[in-house]
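Engineer:
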Amino acid sequence: MMWRSFTYFLVPQVFWVITTFGINIGLGALTFNYVFPIKITAPPYNWPVSSSGFGSLGSFIGYIFALPFTDISDRLAARLTLRNDGIREAEMRLGAMLPGMIVGPVGLIVYGLTAQLNLHWIGYYFGTALTCWGSYFFFCFTLAYSVDSYYADTSEMLIAMNIGKQVVSFGLGFGVLDWVLRRGYAVVISGIFCAVLLANNLLLIVFMIWGKRIRRYVATSWLARLHGKGRVN
Numbered sequence: 001m002m003w004r005s006f007t008y009f010l011v012p013q014v015f016w017v018i019t020t021f022g023i024n025i026g027l028g029a030l031t032f033n034y035v036f037p038i039k040i041t042a043p044p045y046n047w048p049v050s051s052s053g054f055g056s057l058g059s060f061i062g063y064i065f066a067l068p069f070t071d072i073s074d075r076l077a078a079r080l081t082l083r084n085d086g087i088r089e090a091e092m093r094l095g096a097m098l099p100g101m102i103v104g105p106v107g108l109i110v111y112g113l114t115a116q117l118n119l120h121w122i123g124y125y126f127g128t129a130l131t132c133w134g135s136y137f138f139f140c141f142t143l144a145y146s147v148d149s150y151y152a153d154t155s156e157m158l159i160a161m162n163i164g165k166q167v168v169s170f171g172l173g174f175g176v177l178d179w180v181l182r183r184g185y186a187v188v189i190s191g192i193f194c195a196v197l198l199a200n201n202l203l204l205i206v207f208m209i210w211g212k213r214i215r216r217y218v219a220t221s222w223l224a225r226l227h228g229k230g231r232v233n
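This is the structure:
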């Protein structure tokens, strides 16, 4: 049933995936793509318009440096499972996300201040790379955590995630350029956007501490019965 996919929005772990993707795309990627061409082709940089697309190199660099850490959550979870007498908990992988929790918002601070104060152009790349490096951890591991935490019909859950993240990213990205230009780069990017991203990232601590309790509650709720099966590891 198609409508049942939307009830996955009520599963906390699934909703976290949605907000993670939506916020990083809506407030991060769209902001970088909007702001860089405007700033880099104007004084004091005066780059040619043909070079305005080079801003994407920052994202590329960030993701390249994050790639070596792709399996870090699995390795951490495997090590903690051995220490726990072979009993695996979904939250065991979350510790791998701690560096990204801080690095991502720091990237927005760097980017916003660079744009506001017209600092050296390398600041745009550095800020973008930091944010993308941090977002890589959350893109990969929140999704893995949600699948570990709650399993009923993965296809329905993925439908909910994809629809949700598109709605969130569109909602946050709509009019973002006008907002930034009106309020200032530092206020919006380094302040508001950074705070929103940090608030979402800090949910990592919530799930690390209370994640198992949340899983148990959801697994015995009407949602689990509706979805067919809730699983607690």
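Residue numbering for the sequence shown follows UniProt numbering, beginning at 1 and increasing consecutively.
Note that beta-carbon positions come from the ideal geometry of N, C-alpha and C, so glycine has one too.
Every value quoted in this text rests on a predicted model; they were computed, and no experiment measured them.
1. How big is the Cα-Cα spacing for residue 170 and residue 20?
2. With 16 as the cutoff for other CB atoms within 10 Å, does residue 128 come out buried or exposed?
3. Taking 8 Å as the limit between beta carbons, can you name the residues of its chain near residue 76, skipping five residues before and five after?
4. Considering only residues of the stretch 144-181, which uninterrupted beta strand (DSSP E) runs meet the minimum length of 3 residues and lie entirely inside it, listed in chain order?
5. Closest to residue 191 by C-alpha separation, out of 209, 136 and 28, would be which residue?
6. If I follow the unbroken alpha helix (DSSP H) through residue 234, where does it start and stop?
7. Ordered along the chain, which non-local residues of its own chain (more than five positions away) have a Cβ less than 6 Å from that of residue 8?
8. Check whether the stretch 101-115 touches the stretch 177-192, taking contact to mean three or more Cβ pairs, one atom from each stretch, closer than 8 Å.
9. So, helix, strand or coil for residue 41, using DSSP?
10. Whole angstroms are fine: how far does the CA of residue 35 sit from the CA of residue 178?
11. In three-state terms, what does DSSP make of residue 79?
12. In chain order, what residues of the same chain lie with their CB nearer than 6 Å to the CB of residue 58, ignoring the 5 residues before and after it?
13. Does the beta-carbon distance from residue 145 to residue 90 come in below 8 Å?
14. Specify the secondary structure class of residue 188 as computed by DSSP and reduced to three states.
15. If you reduce the DSSP assignment to three classes, tell me which class residue 231 lands in.
16. Where are the beta strand (DSSP E) runs, 3 residues long or more, that stay fully inside the stretch 83-129, in chain order?
17. Would you check if the distance between the CB atom of residue 23 and the CB atom of residue 168 is smaller than 8 Å?
18. Taking all protein chains shown into account, decide if residue 133 is buried (16 or more other Cβ within 10 angstroms of its Cβ) or exposed.
19. What distance in whole Å lies between the Cβ atoms of residue 223 and residue 49, which are believed to be in contact at a cut-off of 8 Å?
20. How many angstroms separate the CA atom of residue 233 from the CA atom of residue 80?
21. Decide if residue 182 is buried, meaning its Cβ has at least 16 other Cβ atoms within 10 Å, or exposed.
22. Report the rounded CA-to-CA distance for residue 6 versus residue 164, giving the unit in angstroms.
23. Quick one, which of 120, 105 and 102 has its alpha-carbon nearest residue 43's?
Structural biologist: Reading off the structure:
1. 13 Å
2. Result: buried.
3. 92, 93, 95 and 96
4. none
5. 28
6. This structure gives no information on residue 234, because the portion of the chain shown stretches from 1 to 233.
7. Cβ neighbours of residue 8 within its own chain (closer than 6 Å, five residues either side excluded): 14, 157 and 160.
8. yes
9. coil
10. 10 Å
11. Residue 79 falls in the helix class under three-state DSSP.
12. 125, 128 and 129
13. yes
14. helix
15. Confidence at residue 231 is low in this model, with a pLDDT of 44, below 50, so its placement is unreliable and the value that follows should be read with caution. In the three-state scheme derived from DSSP, where H, G and I count as helix and E and B as strand, residue 231 is classed as coil.
16. none
17. Cβ atoms of residue 23 and residue 168: closer than 8 Å.
18. buried
19. Actually they are not in contact, since the Cβ atoms of residue 49 and residue 223 sit about 51 Å apart, beyond 8 Å.
20. For residue 233, the predicted structure reports a pLDDT of 43, less than 50, and the residue's modelled location is therefore unreliable. A value from the coordinates is still provided. Answer to the nearest angstrom: the Cα atoms are 14 Å apart.
21. Counting of Cβ neighbours within 10 angstroms places residue 182 among the exposed residues, the total staying below 16.
22. 9 Å
23. 120
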